[in-house]
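Residue numbers (our numbering): 2 to 399.
All residues carry an ideal CB built from backbone N, CA and C; glycine is no exception.
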Ligand code: ADP
């Protein structure tokens, strides 16, 4: 079988990450990875590393627009230093109610997904832009969309349906769930012995948690948008809707433009809330832990709210799953913040979750539960790009 170079494009609200893999039969080998970060600033970062981690590009360009940022990526990929891809996989947070399967990207499909950018407004506009550009700069190369919502497609209607008037449900307002490619990659890594009753907590800047039965998603904390569910770096998570109405009315005292008021509310709920809002200091767990060490009570409260909320979700998911075999932590905080894992699990002994403090005292992949803990607790880093490559290879063969 020939080697198939596959390019993965993964955009965030202010960054574009990319990586190249070589696929031969079941083997996947990373060739390079890179990112442009800090879109919208005068001092961005642009780097590319080879498979051994050696920096091939390391620059600090001004990145006034996403177009400038993507041109840097496109020029590098066309420089002749990297193999031309036979296929490209795009990570897409949400394609809306009509685009729920990973599939070949056409201009019509992009138009359809663009109708629903309001469901993940920080993430989808840049992803849509990159898909259009990619079709243009790699003519004849098949581009595939890989959706974060895809893993959550197995959630039952009682979980996905929102308690709202039907006219809004008919517009596609429902629970979709996010971080799906990360969850899929954890299940993939646990194969062939995926536990029947599994909870995975993806704790990064954005945070969510998912209940998985026999390898399929049963429930997840994020809803219509990535702002729902757990409190995270800068997002409220689930909140009494009356709070949003209160803030909206306060904003309405200063503007009569309803769209401008909604935009301001979105900034409050998605960019100024969460760990940042409560601490008044930072959305970054490392900084919050340092502040706690220095006696900062607001940082303590913010982190307590975070760990308490996660423990509550774990409790409700154990009830939903009818028990628990394994709990997995992933994401930047899940992999590295030893204290968060200890604090989340400290009150969960009654559910059979018992950490071993010595085993938990690690960063990176490990089993961290006590030997006699009824529930196994593990740390597993996500492998999202690899998952996208697997989807692309499967779709290429269809
Ligand atoms: P994103 O959602 O942007 O991909 P990440 O998964 O990279 O985010 O997670 C970022 C979070 O992980 C930040 O809150 C950061 O402070 C936290 N983190 C990273 N490394 C450590 C560490 N060594 N100790 C504690 N927290 C860490």
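Notebook entry, point to check: For the candidate residues 133, 102, 98, 107, whose alpha-carbon lies nearest to that of residue 116?
Noted result: Residue 98 holds the alpha-carbon nearest to the alpha-carbon of residue 116 among 133, 102, 98, 107.
Item checked: the ligand ADP heavy atom lying under 7 Å from the CB of residue 206 -> Residue 206 Cβ: within cutoff of the ligand ADP.
Notebook entry, point to check: Does DSSP put residue 34 in a helix, in a strand, or in coil?
Noted result: Assigned with DSSP and collapsed to three states, residue 34 falls in strand.
Next item on the list: Go ahead and pull the three-state DSSP assignment for residue 22.
Entry: The answer is strand: DSSP assigns residue 22 an E or B state.
Item checked: N-terminal and C-terminal residue of the beta strand (DSSP E) that residue 377 is part of -> Counting along the chain, the beta strand (DSSP E) containing residue 377 begins and ends at 377 to 380.
Notebook entry, point to check: In three-state terms, what does DSSP make of residue 226?
Noted result: Residue 226 falls in the coil class under three-state DSSP.
Next item on the list: Decide yes or no for the touch test of the stretch 295 to 310 against the stretch 336 to 355: beta carbon pairs closer than 8 Å, at least 3 of them.
Entry: Verdict: yes, contact present.
Next item on the list: Mark residue 85 as exposed unless 16 or more other C-beta atoms lie within 10 angstroms of its C-beta, in which case mark it buried.
Entry: If you draw a 10 Å sphere on the C-beta of residue 85, you find fewer than 16 other C-beta atoms in it, and that means exposed.
Checklist line | residue 37 to residue 376 span [Cα, whole Å] | finding: Taking the straight line joining both Cα atoms gives about 40 Å.
Margin query: Across the stretch 376 to 393 and the stretch 177 to 186, are there enough close Cβ pairs to call them in contact, namely three or more that are closer than 8 Å?
Written below: Yes, the stretch 376 to 393 is in contact with the stretch 177 to 186.
Margin query: With a threshold of 7 Å (Cβ to nearest heavy atom), would residue 337 be considered close to the ligand ADP?
Written below: For residue 337, the distance from the CB to the nearest heavy atom of the ligand ADP is below 7 Å.
Next item on the list: Could you tell me which residues DSSP pairs with residue 92 in its beta bridges?
Entry: The partner list for residue 92 (beta bridge, DSSP) reads 147.
Item checked: Nearest-angstrom Cβ-Cβ length linking residue 104 and residue 145, presumed shorter than 8 Å -> Taking C-beta atoms under 8 Å as the contact rule, residue 104 and residue 145 qualify, at a distance of about 7 Å.
Notebook entry, point to check: Looking at the structure shown, is residue 62 part of a helix, part of a strand, or coil, going by DSSP?
Noted result: DSSP places residue 62 in coil when its eight states are reduced to three.
Notebook entry, point to check: Which residues share a DSSP beta bridge with residue 48?
Noted result: 36, 59.
Next item on the list: Locate the alpha helix (DSSP H) running through residue 264, then write down its first and last residues.
Entry: For residue 264, the enclosing alpha helix (DSSP H) begins and ends at 259 to 272.
Note to self: Any contact between the stretch 193 to 200 and the stretch 287 to 302? By contact I mean 3 or more CB pairs, one from each, below 8 Å.
What the structure shows: The answer is no - the stretch 287 to 302 does not touch the stretch 193 to 200, with fewer than three Cβ pairs under 8 Å.
Item checked: Check: residue 389 C-beta below 7 Å from any heavy atom of the ligand ADP -> Between the ligand ADP and residue 389, a heavy atom-to-CB distance of less than 7 Å is absent.
Checklist line | Contact test: residue 236 Cβ vs the ligand ADP heavy atom, cutoff 7 Å | finding: The answer is no for residue 236.
Notebook entry, point to check: Looking at residue 286 and the ligand ADP, is the gap between the Cβ and the nearest heavy atom below 7 Å?
Noted result: Within the cutoff, so yes.
Check: When every heavy atom of the ligand ADP is checked, does at least one fall within less than 7 Å of the C-beta of residue 89?
Finding: Checking the Cβ of residue 89 against the ligand ADP gives no.
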